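To keep things clear, I will list the structure first and then write my remarks on it.
Number of protein chains: 4
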Amino acid sequence: MQVGFVGLGNMGRPIVQNLLRAGVPVSVYNRTRAKADGLEGALTVASSPDEVAAGADVVMTMLADDRAVEQVVFGEDAQPGLLAALPKGAVHVSCSTISVALSRRLAAAHAAAGQDYVAAPVFGRPEAARAQALWVVAGGAPDVLDRCAPLFDAIGQGTFRVGDDPATANAVKLAGNFTIAAMLETLGEAFAFVRKSGVPPALFLQILNGALYRSPIYGNYGQLIADGHFEPAGFALRLGLKDVRLALDAAEAVAAPMPLGSLLHDHLLAQVACGRGSADWSAIAEVSARNAGL
Amino acid sequence: MQVGFVGLGNMGRPIVQNLLRAGVPVSVYNRTRAKADGLEGALTVASSPDEVAAGADVVMTMLADDRAVEQVVFGEDAQPGLLAALPKGAVHVSCSTISVALSRRLAAAHAAAGQDYVAAPVFGRPEAARAQALWVVAGGAPDVLDRCAPLFDAIGQGTFRVGDDPATANAVKLAGNFTIAAMLETLGEAFAFVRKSGVPPALFLQILNGALYRSPIYGNYGQLIADGHFEPAGFALRLGLKDVRLALDAAEAVAAPMPLGSLLHDHLLAQVACGRGSADWSAIAEVSARNAGL
Amino acid sequence: MQVGFVGLGNMGRPIVQNLLRAGVPVSVYNRTRAKADGLEGALTVASSPDEVAAGADVVMTMLADDRAVEQVVFGEDAQPGLLAALPKGAVHVSCSTISVALSRRLAAAHAAAGQDYVAAPVFGRPEAARAQALWVVAGGAPDVLDRCAPLFDAIGQGTFRVGDDPATANAVKLAGNFTIAAMLETLGEAFAFVRKSGVPPALFLQILNGALYRSPIYGNYGQLIADGHFEPAGFALRLGLKDVRLALDAAEAVAAPMPLGSLLHDHLLAQVACGRGSADWSAIAEVSARNAGL
Amino acid sequence: MQVGFVGLGNMGRPIVQNLLRAGVPVSVYNRTRAKADGLEGALTVASSPDEVAAGADVVMTMLADDRAVEQVVFGEDAQPGLLAALPKGAVHVSCSTISVALSRRLAAAHAAAGQDYVAAPVFGRPEAARAQALWVVAGGAPDVLDRCAPLFDAIGQGTFRVGDDPATANAVKLAGNFTIAAMLETLGEAFAFVRKSGVPPALFLQILNGALYRSPIYGNYGQLIADGHFEPAGFALRLGLKDVRLALDAAEAVAAPMPLGSLLHDHLLAQVACGRGSADWSAIAEVSARNAGL
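Residue numbers (this note's numbering), protein chains in the order written: chain Z, 185 to 478; chain D, 185 to 478; chain B, 185 to 478; chain F, 185 to 478.
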C-alpha cells in the first residue's frame, strides 16, 4: 500500500514514525521540509501535496485547522491540491480536528472526483501519538474503513467506527473536546470556591479524584490548575476556543443548543482578550479565579 | 466508647450496621422507629435525640437537610435536642450534607456548650455505605478527629482531613457534588448534540469513557443518560437542586461567582417546574434534549 | 389620621417631608435621631419603633433590608417592635424592598395580631421622592388600600394595585429591579463590543436611545456607563446584588428559572469580589469591559 | 442623480416609494419582478443587478442576508453582479443587516474596482419605512456620505454617521438588535416570574413601562408577550437568531465576550429546534414560560 501523509506537526510526526515502524512506506509533505529530518524507515519527502497524492492508495492529513486543510486539498494560487492528484478509488483520510461543515464539503468533493473519503480524528496528546496509544474515531463507508484498518492499528490502541457518514466522526471529536473544556471550567469554578473557603486546591483535587473520578485526565489537568501551571501549553487555549467554536457551529447546524458550550466559549474568549491565548487551555480556570478576586 | 446515632435513612442504616459490625455499641434514634429493625450487634433503640446524647462520647447524625439537623440539635417545641443533653467534652459528628452556614452555627453552639463538633460528610451512595467503602471528608480540631478516627475507619475506605474549621468539610462536599452535577449537564449537552448529528449516545459514551475518562462515575451516569433511565432515582433531582443551591450560597458568602453552578441551578429548577423533581438528578439531561427538540 | 414612620434614609426623609407638606401629622423614628432635623410640619420625633406605633392608624416603614425590617417589626433584645404596639385594626405599610418570604411572614404576623398589612414598595430614586414623583406598587386588601390611598397620593404620582396578597407587590418590585439590572448588563456588553469595533460609546448611546428606546432610564444609565462614571453611587452595586438575589430566591420559590437573573447575579458578585460593591450598580458594565481586555 | 435599487421586500419597497416621492428617478431590480407593481413615480424596472448598476450614480441594496448580498454584488453562475457593472466613482449603499466580515469584504472589493462603498443599515420596521421614519446608521468616507445625504433624508427621519470605516455601521446595527433581543429575554423571564407569583403580565407591563421605561418599544413588544401573540411575525425569530449570531461573530472577531448574547442565541436556537422559527422573535419568551412549567 502506497501511503502519503501531509502535516508533520506535534501529532503528525510521531504518527508517521509509527507508520514507518509498522513497515508502511510513506511519502510525506510538510511546508517546513526539515520537520521530516530524523524519521526512520521507508520514507520519501515530497515537495507538494499533489506530489504526495499522485499514485497513492491512501493519503492521510493531520493539519492545524480548516484553512490549512482547504489549502492542501483544494490547492491555492497556482499550486494544485490533493483533490487534483489523488487517483480514482484512492482514499483521503482526514485526521485533523476540523469543522463538520468542511468534512461534509470534503466528502462531496472526493465523491465527485471518484475518490473515497474518511474522517478519522484522534483522541490523545503527542505523548500518546509517540506511544502508539491514540484512539481513532473513524467515519466512512465500512469497506473503505476496512482498507484503512491496518493504518489505524499502526498508530493507535483502538478504533471506534461511528457511522457511514464521515462527518459523524468530526462531531464526536468536537463533542469530546467540549467535555474536556467543560471539565476544566468545572475544576476552575470548584477550585476558586474551595480556595476562598480555606481549602488548598491540591488537597481538594486529591479528594475529588481519589473519592469520585479516579480518572487520569482529571488528575493531570487538575494538577495544572491546582499549581497554576499553564505554560508551556500542552494544548493552546486559542485552539481550545477554536474547537469549542466548531462544536457550537455544528450544534447550531443541527439545532442543539449548548449553553455550557456558550459559557466555555465566552470564558476562553475572555482569556484571549486578556492576552492568554497561548497559555494551556486549562488557564480557563484563571477566569473563575479573577472573578473571585483571587 | 459510647456512640449515639441519629438518622436511619438509606445512608445512616448501613453506616450503623458497619459500626456494630466493628464491635462499637450504638444507641440509635430515628423518627420511624421500625427503621432500626434487623440491625445486628450491641444496639440500643432510643426514643429521642436527647436520650441518644445523654452519656455518649460521640453522637453522629446523618439527616436529610438543614431543617432536620436543626430540629435534632436544637430541639423543637417541648422536645430538647442533642445540644441540651450531650456531655461536656463529647463530640457531635455531623455527616449530613448541610449548608456551610449551619455548620458554622453548630460549631459555635457546641463550643459554647463545652462540646466538640466535627463535620464529616461522606462521598458514596448507599451501596458504598453497605460495602464500608465510603470516603469521609472530615473537618475539625486534629485531636478531636483523632478520637473519631476508629469510627471513620469502621464506615469508610479512607478519610481526608481538610481543615481545623469544620465547615471546610461541608464546602468540600458541596463543591464535589457541584462537579457531579456539572458532569451530568456536560453529558446531557454532548449527548443531545451527537444524537442530532446521527451518533447513538451509547456509542458516544463508549468512546468518551474508553478513550478519555476511564472513570466509573462517567460510565454509570453516562449509561443512565444514554438509556434515558431516570427512575427510580438513585439521588433525587430535587436533592441535587438543594445541594447546588447550598454550593451557590456558600460561594456567594465568600464572593466566588460560579456561573456554571448557576446554569446547573436553572436547569435543575426547570426540571422541578416541569414535574421531574423525583427523577434521578441525571434527568437534568432532559433539558438539553427538550431544547434540541428531541 | 395618625401616621407613624420608621426610617429616615435617602428615601424615607423626602417621603416624610411630602406627608407633612400634605398636612398629615407624622410621628417618626430613626436610629440616628438627627436625621429628623429640618423636617417641617406637624412632626413628632419618637425614640423607639413601638412609641411610633402606639396609637397610630398607619405606620409606614422604609428600611434598608430584611434584617432591619425584622428588627423594627419584631423587636430585638429587650426592645419591643411595631407588632407589639400597633393597635388592632391599624395598618403597617411596608415600603422597603424586601424579600417575598419576609413579606409573607409580616402579613401572617399582623393578621394574627388583628392588624392590617400592606406592601407598598416604590419605584423612583431620591430625586423622585423629593419631587413627589414616586410610583407606588401596592398589594393588600382593597379596603385597606383605600384607607392608605391619601398617603400614597401625598408621596407619589401614581399607585398601581397589584393584588390582595401583599407579597405580590414585593414580587413586582423585585422583577422591576431585575429588568433594570438586565438593561445595565445589556448596555455593558453592547458598549464593550462597539468600543472594540471602533465606535465611541456616547455616539452609540445617542443612536440607541434616539432611534430605539427614547427612554430616560436608558439615557441616564447609558450616560453613566459611556462615561465610566460609577461614583458616587446612586444605588450601590451591593444593594443591586441583594435585590437580584431576592428576585432569584422568590423565583426559585415559585419554580421560575431566570438564567439572565443568574448571569446578573454572577457579574454583580464578581464586582463585589473585585472590591466594587460600593460603586453604582451600573458598574456591572466593568465586567464586560474587563473580559474584553479593555 | 441616477439611483438603482435592488431588493423590494417588506423594507425595500416602501423605501423605494419614498425615494420616488422625493422626485428621485429609480431603476429597480427584484427577483420577483411583480413586487415593483404599483410603485408610483419615475420608475424603471430592470431585469438584473448589473442592468441596475450600469450608469448609476448610487445603487442601494436592501436584501435578506449575506448570501443574497453576495449573489447580487459578486454575481452568480453566468450572471454578473453589481461590482462588474457599477461605474468608477459610483457608490454602493448597502442597507441590509449583514455581517461585519462581509461589509469589510464589500468595502475592499469596491475600492479595488474604483467604486465607493457605504454601509447604511436602518432601524425601523416596515411601518416606519412607509412613514419615512427610519433611522439611518451610516458608515463611510464623509464626502461619500455627503453625496448620499439627500437619499437618506428621503427615506428616514434622521441619519447617524458612525465612522469612516463602513463596517462600524454594521456593528452598530447588530449591537442594536442585540439589545432588543436582550429586552425580549428580560421581559420573558420577568413575566414568567410574576405570572407564577400571581400577577397578571399585562398589569406588570403597565407598571414597568408606566413607572420605569416609558418607551414605545417596551410597550409594543411587552404587549405581544403579555398576550402571547406571536403570529404573524413582525420579525421572524429565525432572522433574530441570525442577527444575534452575526453580533456574536463580530464580537468574537474583536475579542469581546457577550455572555448575554450567548444566552439569547441558545434560547432562540431552542425555539428553532422546537419549530418556532417562523414566529415573531418575541416568542423567545416562550422558553422562560416553558421552563417555568407554564
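Quick reminder that beta carbons are idealized off the backbone N, C-alpha and C, glycines included.
Quick caveat, the model's predicted, so the values are computed rather than measured.
C-beta neighbour in chain D for residue i, strict 9 Å
i: B/V456; result: yes
i: B/R251; result: no
i: B/R217; result: no
Candidates the options, of which the one nearest residue i by Cα
i: B/A274; options: B/P198, B/G188, B/D348; result: B/G188
i: B/A473; options: B/V253, B/G382, B/A376; result: B/A376
i: Z/F419; options: Z/G461, Z/L204, Z/T352; result: Z/G461
i: D/K426; options: D/N361, D/S381, D/I409, D/A439; result: D/N361
i: Z/S466; options: Z/S446, Z/N404, Z/G324, Z/A312; result: Z/N404
i: Z/G262; options: Z/D234, Z/R251, Z/K272; result: The sequence as given places Ala at residue 262 of chain Z; Gly does not occur at that position. Selected option, being the one with the closest Cα: Z/D234.
i: Z/M244; options: Z/P326, Z/S283, Z/F336, Z/G308; result: Z/F336
i: Z/N393; options: D/A417, D/L423, D/A359, D/E373; result: D/A359
i: F/S283; options: F/L389, F/K357, F/G347, F/A312; result: F/K357
i: Z/E369; options: Z/R197, Z/L266, Z/I468; result: Z/I468
i: B/D464; options: B/Q455, B/E415, B/V242, B/D411; result: B/E415
Inter-residue CB distance, residue i and residue j (contact presumed, cutoff 8 Å)
i: D/A240; j: D/Q186; result: 5 Å
i: D/V132; j: D/H451; result: Residue 132 of chain D is absent from the structure shown; chain D starts at 185 and stops at 478.
i: F/V277; j: F/V302; result: 5 Å
i: D/W319; j: D/V306; result: 6 Å
i: F/Y397; j: B/I391; result: Their Cβ separation, rounded to whole angstroms, is 18 Å, which puts F/Y397 and B/I391 out of contact at 8 Å.
i: D/S444; j: Z/L453; result: In the sequence as presented, Ser is not what sits at residue 444 of chain D; that position holds Leu. No, D/L444 and Z/L453 are not in contact; Cβ-Cβ is about 16 Å, not under 8 Å.
i: Z/A291; j: Z/A351; result: 7 Å
i: Z/A230; j: Z/G193; result: With 8 Å as the limit, Z/A230 and Z/G193 do not qualify as a contact, their Cβ atoms being about 17 Å apart.
Contacts of residue i in chain Z (Cβ-Cβ under 7 Å)
i: D/G382; result: G347, D349, T352
Chain F within 9 Å of residue i, Cβ atoms only
i: Z/M244; result: no
i: Z/E373; result: no
i: B/S399; result: yes
i: B/R379; result: yes
i: B/T281; result: no
C-beta neighbour in chain Z for residue i, strict 9 Å
i: F/A440; result: yes
i: B/L223; result: no
i: D/W465; result: no
i: D/A355; result: yes
Chain Z contact residues for residue i, given Cβ-Cβ distances below 9 Å
i: B/G459; result: G477
Chain B within 9 Å of residue i, Cβ atoms only
i: Z/P443; result: yes
i: F/M195; result: no
i: F/L396; result: yes
i: F/E470; result: no
i: F/F336; result: no
i: F/Y402; result: yes
i: Z/L368; result: no
i: F/Q407; result: no
i: F/G248; result: Going by the sequence as given, residue 248 of chain F is Ala instead of Gly. With 9 Å as the cut-off, F/A248 does not count as an interface residue toward chain B.
Residue i beta carbon near the ligand SAH (any heavy atom closer than 8 Å)
i: D/A439; result: Of the ligands one can find in the structure shown there are none, so the ligand SAH has no counterpart to examine.
Contacts that residue i makes with chain D (C-beta to C-beta distance below 8 Å)
i: B/S446; result: P443, S446, L447, H449, D450
Chain D residues whose Cβ lies nearer than 7 Å to that of residue i
i: B/L453; result: E436, A439, P441
Per-residue contacts from residue i into chain F (C-beta, under 9 Å)
i: B/G360; result: A374, F388, I391, L392, A395, L396
Closer than 8 Å at the beta carbon, the chain F residues around residue i
i: B/F344; result: L387, Q390, I391, G394, A395
i: B/S328; result: The residue you asked about is not Ser; residue 328 of chain B is Val in the sequence shown. Those do not exist, as B/V328 stays about 18 Å from chain F at its closest Cβ, beyond 8 Å.
Contact set between residue i and chain B, taken where Cβ atoms lie within less than 7 Å
i: F/F307; result: A395, L396
i: F/T228; result: By Cβ distance, chain B contributes nothing, its closest Cβ being about 32 Å from F/T228, past 7 Å.
Where residue i meets chain C, residues with beta-carbon distance less than 7 Å
i: F/V321; result: The chain inventory of the structure shown lacks chain C, comprising the protein chains Z, D, B and F.
Interface residues of chain F facing residue i [CB-CB closer than 7 Å]
i: B/V277; result: Within chain F, no residue comes near B/V277; the closest Cβ sits about 18 Å away, beyond 7 Å.
Quiz prompt | beta strand (DSSP E) runs wholly inside the stretch 326-352 of chain F, at least 3 long, in chain order | solution = 340-347
Quiz prompt | Segments of 3+ residues assigned as beta strand (DSSP E) that fall wholly inside the stretch 201-273 of chain D | solution = 210-213, 227-229, 242-245
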